[in-house]
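From first to last, the protein sequence lines stand for chains C and B. Going by my numbering, the first sequence opens with residue 16, and the numbers climb by one from there. Going by my numbering, the second sequence opens with residue 39, and the numbers climb by one from there. All residues carry an ideal CB built from backbone N, CA and C; glycine is no exception. Bear in mind that the values here come from a model prediction, so they are computed numbers and not experimental data.
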Amino acid sequence: MLSRILWMLWSLLFVTARRTQLRAVRPESLPRHVAVVPDGNRRWAQARGRLTADGHDAGCRAVELTVRLSREWGIRVLTVFVFSLENFGRPKAWPPLHSLSHSPSPDNIFTLFLNSLNLKAEVDYLMAMIERLIRDNLDEYARNGIRLHVIGDASRQPASLQSTAREAEETTRSNSELHLILAICYSGQWDILQACRQLAGEVHQGSSLLRAEDIDEALLAGKLATSVVGTEVACPDLIIRTSGEQRLSNFLMWQSAYSELYFTDTLWPDFGEEDYLQALSSFQGRERRFGTRTASEALSVAEKAV
Amino acid sequence: EKILSSSGRGALPLSSPSGASGQDKDPHSSVLTTTAGCSSICSPSPSPAYPPESAGLSLPSCSQAAGRSGTPAVLITITGYMKIKKPDAMVATGVLSSVQNFLRKCLIAVLSYGPMPNHIAFIMDGNRRYAKFRSIQQGAGHRVGFSTLISSLLYCYEMGVKYITVYAFSIDNFKRDPGEVESLMQLMEEKINGLLENRSVIDEINCKINIWGDLDLLCEPVRLAAQKLMASTAGNTGLVFSVCMPYNSTSEIVNAVNEICAERREMLQREHAGNWDGHDANNSVHSEISVADLDRHMYSAGCPDPDIVIRTSGETRLSNFLLWQTTFSHLQNPDTLWPDFSFRNLVCAILQYQRAYPYLEQNRKLAKKQL
Numbered sequence: 016m017l018s019r020i021l022w023m024l025w026s027l028l029f030v031t032a033r034r035t036q037l038r039a040v041r042p043e044s045l046p047r048h049v050a051v052v053p054d055g056n057r058r059w060a061q062a063r064g065r066l067t068a069d070g071h072d073a074g075c076r077a078v079e080l081t082v083r084l085s086r087e088w089g090i091r092v093l094t095v096f097v098f099s100l101e102n103f104g105r106p107k108a109w110p111p112l113h114s115l116s117h118s119p120s121p122d123n124i125f126t127l128f129l130n131s132l133n134l135k136a137e138v139d140y141l142m143a144m145i146e147r148l149i150r151d152n153l154d155e156y157a158r159n160g161i162r163l164h165v166i167g168d169a170s171r172q173p174a175s176l177q178s179t180a181r182e183a184e185e186t187t188r189s190n191s192e193l194h195l196i197l198a199i200c201y202s203g204q205w206d207i208l209q210a211c212r213q214l215a216g217e218v219h220q221g222s223s224l225l226r227a228e229d230i231d232e233a234l235l236a237g238k239l240a241t242s243v244v245g246t247e248v249a250c251p252d253l254i255i256r257t258s259g260e261q262r263l264s265n266f267l268m269w270q271s272a273y274s275e276l277y278f279t280d281t282l283w284p285d286f287g288e289e290d291y292l293q294a295l296s297s298f299q300g301r302e303r304r305f306g307t308r309t310a311s312e313a314l315s316v317a318e319k320a321v
Numbered sequence: 039e040k041i042l043s044s045s046g047r048g049a050l051p052l053s054s055p056s057g058a059s060g061q062d063k064d065p066h067s068s069v070l071t072t073t074a075g076c077s078s079i080c081s082p083s084p085s086p087a088y089p090p091e092s093a094g095l096s097l098p099s100c101s102q103a104a105g106r107s108g109t110p111a112v113l114i115t116i117t118g119y120m121k122i123k124k125p126d127a128m129v130a131t132g133v134l135s136s137v138q139n140f141l142r143k144c145l146i147a148v149l150s151y152g153p154m155p156n157h158i159a160f161i162m163d164g165n166r167r168y169a170k171f172r173s174i175q176q177g178a179g180h181r182v183g184f185s186t187l188i189s190s191l192l193y194c195y196e197m198g199v200k201y202i203t204v205y206a207f208s209i210d211n212f213k214r215d216p217g218e219v220e221s222l223m224q225l226m227e228e229k230i231n232g233l234l235e236n237r238s239v240i241d242e243i244n245c246k247i248n249i250w251g252d253l254d255l256l257c258e259p260v261r262l263a264a265q266k267l268m269a270s271t272a273g274n275t276g277l278v279f280s281v282c283m284p285y286n287s288t289s290e291i292v293n294a295v296n297e298i299c300a301e302r303r304e305m306l307q308r309e310h311a312g313n314w315d316g317h318d319a320n321n322s323v324h325s326e327i328s329v330a331d332l333d334r335h336m337y338s339a340g341c342p343d344p345d346i347v348i349r350t351s352g353e354t355r356l357s358n359f360l361l362w363q364t365t366f367s368h369l370q371n372p373d374t375l376w377p378d379f380s381f382r383n384l385v386c387a388i389l390q391y392q393r394a395y396p397y398l399e400q401n402r403k404l405a406k407k408q409l
């Protein structure tokens, strides 16, 4: 009896705390563009003694939840760093049997061979999983006003994924409630490099149109992959990285110049509504100055520029 | 124990910092007096922990120094409040400072067992807040920040860190109040000229100073002083100290792109002069632009990427600093304000880095295989 009363009291307290937390996040000052680095699927699976594939599946579900929440709360753009160009080089797919360290060193050529097979298997699995994610959720996105963009190095993406992505982009072209950017085979350096190559091409082709000296920040920003959503919201206001790693790892290099960074120890499959709310309220507590003295000064400078 | 305040008999003339350590003064008393010149950098003489000196302002340095050496801060702070225009006097006991030195060296030796960073980058945030909290003029906060910079530089040198980069002034900071920008420029000019005149610190650590940024945006005297400083230390082979001023990472990248395009245009023109196969030459040239090409044209060409990026005062953003170079750097944001950044904070930073090192190193190796 007593334990039941205690349990009811506890759940009441919890619900009240949640409601206060929800109210504490002010809807008028939410970030317009949130970027997420979903790190920690493998560690999550390892901690539970499951296969890495299960970790990635759980990560997928967390991505779907984050997309749904972002749309509900009125965030304009959500970018998810699904697959990095550097992920092609990861040595081990499945949790190693002989050690728990992150970086097992292959000590003979047989292990190297197994590793490379594992690696290819994992990459293929991930690509198939991403394709499944897009295909399964396409109807929901089309219905709910979510527009899908896929950015990244197309030459490294498998052909089936490319065609699914193009199809999904076509289907959701007219939506505008939430722009969902999936960064597949993407890296910040690659993005800047491809923009640089495009600009170099333009300089040489139309010899009188563009000179090398005319290239400025706005021009370069317009050539980046994230400019598909328009230059105003191309730069994320908040970047969330899970699993405690305090690095940017080549994600949205140019665009993250003034982004607030939020690092959390939660692993990505565990990232839920509470963690997201915490990240948003942390964002709202920060004063963004953009190099000027105070936030209000920054705002007035921005207004003058417009 | 005798305590000499800044108005007391321990004050020595302003002239040279290196001659000022009064270790041989009075062997019987447990008081040691050291003074340093107003506008000079603290001397890396063997005795003290590198005490920060602020140029001509008694209050912050006294209270900070007193806090460090543990002598009664009250007396010195009161003297400081009276704004006595005597040289800054720092009081410490001889025994205490040698014990401090010894402990510091032990700590550094212990830390060196783990992986030590080769390149540390600092975003020096919090000077104005420091000034506000201590109710002193804003410009004074920047001056104290400068002395913290020099002491951090010397601590890093002692630890064996070869490259240090600091974010001194952003191109966005030009949007601030013109009075503040003017005072910052004056401070920079003063400090650069001070470094040019008094080379004891630079020569002691054989420091090469780089100034990264769009120097054309600086006013004439500052730019000339900066260029002179770079030229005079170009031949040094020890610590490499890079000051980013005025700097924006996005403009650095655009600058690199400009240079690459201009370079390619020249190459093409030379090829055109050679053969008329213009169109094919176009395509082949553009697909060859690589990450290494962009690296070459960055201001930081020749320097390794930072291992740690420390942003003080608790803000968690990069603010357009070294975006290209910090892909695998460990980002840290301690809550201390920059003028309060001390040896202890530096040790904590390195410990955190050492904890994250295996994972960082693995990812760095993987990335190098790919790109």
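Check                                                                                                                                                                             : Outcome
8 Å is my cut-off, CB to CB: does H180 of chain B come that close to chain C?                                                                                                     : no
Could you list which residues in chain B have their beta carbon closer than 8 Å to that of L208 of chain C, in chain order?                                                       : I327, S328, V329, L332
In the DSSP output, which residue or residues are listed as bridge partners for R410 of chain B?                                                                                  : Because chain B here runs from 39 to 409, residue 410 of chain B falls outside it and cannot be looked at.
Exposed or buried, which one is L21 of chain C when buried takes at least 16 other CB atoms within 10 Å?                                                                          : exposed
Report all residues from its chain with a CB closer than 6 Å to the CB of A32 of chain C; omit the five preceding and five following residues, and keep chain order.              : none
Quick one: does W324 of chain C have its CB under 8 Å from some CB of chain B?                                                                                                    : Any answer about residue 324 of chain C is impossible in this case: the structure gives chain C only from 16 up to 321.
To be precise: take each residue of the region 178 to 190 of chain C, compare its Cβ to all Cβ atoms of chain B, and keep it if any distance is under 7 Å. Which residues remain? : none
My understanding is that T350 of chain B touches L263 of chain C, with C-beta atoms under 8 Å, so please give their C-beta distance in whole angstroms.                           : That belief does not hold up - the Cβ atoms of T350 of chain B and L263 of chain C are roughly 19 Å apart, past 8 Å.
Within 8 Å of any Cβ in chain C, is that where the Cβ of R167 of chain B sits?                                                                                                    : no
Determine the extent of the beta strand (DSSP E) in which Q370 of chain B is found, giving its start and end residues.                                                            : 368 to 370
With burial defined as no fewer than 16 other Cβ atoms inside 10 Å of the residue's Cβ, what is the status of Q270 of chain C: buried or exposed?                                 : buried
Comparing the C-beta of N265 of chain C with each C-beta of chain B, is any distance below 8 Å?                                                                                   : yes
Looking only at its own chain, which residues have a Cβ that is under 8 Å from the Cβ of R47 of chain C, when we skip the five neighbours before and after it?                    : I90, R91, V92, V248, D252
So if DSSP puts R162 of chain C in a beta bridge, which residue, or which two residues, is it bridged to?                                                                         : C:H194
Going by beta-carbon coordinates alone, are I388 of chain B and P372 of chain B separated by less than 8 Å?                                                                       : no
On the DSSP bridge list, what partners appear for K246 of chain B?                                                                                                                : B:V278
Can you check which of these residues, B:Y151, B:R142, B:S189, is closest to P377 of chain B by C-alpha distance?                                                                 : B:S189
Is the Cβ of V49 of chain C closer than 8 Å to any Cβ of chain B?                                                                                                                 : no
Judging by CA-CA distance, which residue of B:V385, B:S287, B:Y395 is the nearest neighbour of V148 of chain B?                                                                   : B:V385
With DSSP as the reference, label Y205 of chain B as helix, strand or coil.                                                                                                       : strand
For V97 of chain C, would you say it is in contact with chain B, using Cβ-to-Cβ distances shorter than 8 Å as the test?                                                           : no
In terms of residues, what are the limits of the beta strand (DSSP E) holding Y277 of chain C?                                                                                    : 275 to 278
Is there a Cβ of chain B sitting closer than 8 Å to that of Y277 of chain C, yes or no?                                                                                           : yes
Enumerate in chain order the residues of its own chain whose CB-to-CB distance from I446 of chain B is below 7 Å, with the five nearest sequence positions on each side excluded. : Not covered by the structure: residue 446 of chain B. The range shown for chain B is 39 to 409.
Quick one: using the 10 Å Cβ neighbour count with 16 as the cut-off for buried, is D290 of chain C buried or exposed?                                                             : buried
Just the chain C side, please: which residues come within less than 8 Å of N296 of chain B by C-beta, in chain order?                                                             : A227, E228, I230
What ranges does the alpha helix (DSSP H) occupy inside the region 30 to 80 of chain C, keeping only unbroken runs of at least 4 residues that lie completely in it?              : 56 to 62
Within 10 angstroms of the Cβ of K403 of chain B, are there 16 or more other Cβ atoms? Answer buried if so, exposed if not.                                                       : exposed
Residues of chain B with CB closer than 9 Å to the CB of S2 of chain C, please, in chain order.                                                                                   : Because residue 2 of chain C is not part of the residues shown, which for chain C are 16 to 321, the question remains open.
Roughly how many angstroms separate the alpha carbons of R334 of chain B and G203 of chain C, rounded to a whole number?                                                          : 17 Å
Could you tell me whether the region 276 to 296 of chain B touches the region 251 to 261 of chain B, where touching means 3 or more Cβ pairs closer than 8 Å?                     : yes
CB-CB under 6 Å to L115 of chain C, same chain, minus the five flanking residues each way: which ones, in chain order?                                                            : Its pLDDT being 39, under 50, L115 of chain C is placed unreliably in this model, and the coordinates cannot settle the point.
I want to verify the contact list: residues of chain C whose CB lies under 9 Å from the CB of R302 of chain B, in sequence order.                                                 : A215, V218, H219, A227
With 8 Å set as the bound, which would you pick, yes or no: does the beta-carbon of A387 of chain B sit closer than that to a beta-carbon of chain C?                             : no
Straight-line CA distance for L80 of chain C to M144 of chain C?                                                                                                                  : 16 Å
Does chain C have any CB closer than 8 Å to the CB of C282 of chain B?                                                                                                            : no
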